[in-house]
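Notes follow the structure.
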Amino acid sequence: MSSLAPLNHLITRFQEQTPIRASSLIITLYGDAIEPHGGTVWLGSLINLLEPMGINERLIRTSIFRLTKEGWLTAEKVGRRSYYSLTGTGRRRFEKAFKRVYSASLPAWNGAWTLVLLAQLDATKRKAVREELEWQGFGVMGANLLGCPRTDRADLAATLREQDAEDDCIVFETHAQEVLASKALRAQVRESWNIEELGQHYSEFIRLFRPLWQAMKDLDAPSPQDCFLARTLLIHEYRRLLLRDPQLPDELLPGDWEGRAARQLCRNLYRLVQGRAEEYLASALETADGPLPDANESYYRRFGGLG
């Protein structure tokens, strides 16, 4: 455990989850910390790295086995040691999930919408497509109709192909509106995306991590291990929030939207701890070739640029 009370609180909170989300934390760790350094590490060093989180060796091995079976990770044996890295599929899933986490800012919205009509799908496939599109930020606008004010057409087309639904869905694109967010449209957004509940989750995130930011900021030299633990828990919680967040344009959100303050807090705390967290990773993780390679260029572009 740490000497910082706010960090201990977050670690205890993670440990008290039932069941403990070890697999999800490992994916966070690979995406945030391991992938920028080549993507492959020795299992033994991974076990040692996560020990301060209260995750025992047996649970880590079980989680790694499960993630391998699910196609997230792949193993390579070198002598008696096993080295794990993300699979190609796992890397694509990670990139899709994490690119929103580290983006500097969202592009401006021009008022256009993408609408997808699912009426021609059978019930089972319609449910699967709806769930996948909701994960990408679409909201239910009406019976069998989903909409999104900001979407990547290539991602949408790829999703429909993966679901074998490309020929059975109808995709519309609206023109930009003169009034981007009318009263009726704002009411529809509240219904389609449950903005109030998401705002409550962002408020909880701020309540949990603002004391940690203040405690870290007041220290001359926080320990590398504390910085690693803070960074990992920060991104783990923020990533889980973003999975629920459709990333709607500012024009459609309340003026006091909690998501803005949460993003600023996440960026500030990440920038504060990332340097010493990197020191800890370099000392704790091993690859088949020895020490961890330096982080790649894309790592230093996170959150608009890391010092």
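Numbering-wise, the sequence shown is residues 9 to 315 according to the numbering used here.
All C-beta atoms, glycine included, are put in the ideal place defined by N, C-alpha and C.
What is the residue span of the alpha helix (DSSP H) that residue i lies within?
i, result
"F311", "Segment: none, F311 is in no alpha helix (DSSP H) and carries neither H nor E."
"F106", "96-110"
"T182", "Element bounds for T182: n/a, residue is neither H nor E."
"T26", "From DSSP, T26 is part of no alpha helix (DSSP H); its letter is neither H nor E."
"L256", "Element bounds for L256: n/a, residue is neither H nor E."
"I63", "Careful: I63 lies outside any alpha helix (DSSP H) and carries neither H nor E."
"A30", "30-37"
Counting C-beta neighbours from all protein chains within 10 Å, is the total for residue i 16 or more, i.e. buried, or is it exposed?
i, result
"A303", "buried"
"F106", "buried"
"V281", "buried"
"G79", "exposed"
"F73", "exposed"
"S190", "exposed"
"F180", "exposed"
"G263", "exposed"
"L94", "buried"
"P157", "buried"
"S113", "exposed"
"I243", "buried"
"P27", "exposed"
"T48", "buried"
"P44", "buried"
Does DSSP classify residue i as helix, strand or coil?
i, result
"T48", "strand"
"F90", "Residue identity check: residue 90 is Ser in the sequence provided, not Phe. Three-state DSSP puts S90 in a strand."
"T132", "helix"
"E294", "strand"
"P299", "strand"
"E78", "coil"
"E266", "helix"
"E205", "helix"
"E43", "helix"
"E245", "helix"
"Q261", "Looking at the sequence provided, one finds Leu at residue 261 rather than Gln. Residue state, collapsed to three classes: coil."
"E199", "helix"
"A189", "coil"
"L227", "coil"
"L12", "coil"
"G283", "helix"
"N118", "coil"
"Q171", "coil"
"Q272", "helix"
"Q222", "helix"
"N56", "helix"
"Q233", "helix"
For residue i, report the span of its beta strand (DSSP E) as first-last.
i, result
"A83", "81-86"
"C177", "Element bounds for C177: n/a, residue is neither H nor E."
"M149", "147-150"
"T159", "Here T159 belongs to no beta strand (DSSP E), and DSSP marks it neither H nor E."
"L114", "Element bounds for L114: n/a, residue is neither H nor E."
"T122", "122-125"
Thinking just about the alpha-carbon of each residue, which of the options is nearest to the one in residue i?
i, options, result
"Q25", "K104, G62, G46", "G62"
"L261", "L57, G87, L188, T122", "L188"
"G283", "E245, L256, S231, P254", "S231"
"R101", "F22, E287, Y38, V197", "Y38"
"E174", "A184, Q185, A162", "A162"
"N16", "D234, R247, G313", "D234"
"T82", "W221, G96, D176", "G96"
"R310", "A41, R99, A192, L206", "A41"
"A116", "R99, R268, E259", "E259"
"D76", "R215, Q255, S32, N202", "One point to set straight first is that residue 76 is Thr, not Asp, in the sequence displayed. Measuring from the Cα of T76, the nearest candidate turns out to be S32."
"L18", "V137, L216, A165, N152", "L216"
"A120", "G147, P60, Q185", "Q185"
"F236", "D226, S211, A292", "A292"
"A127", "R194, R108, L153", "L153"
"T36", "R194, T182, R248, R89", "R248"
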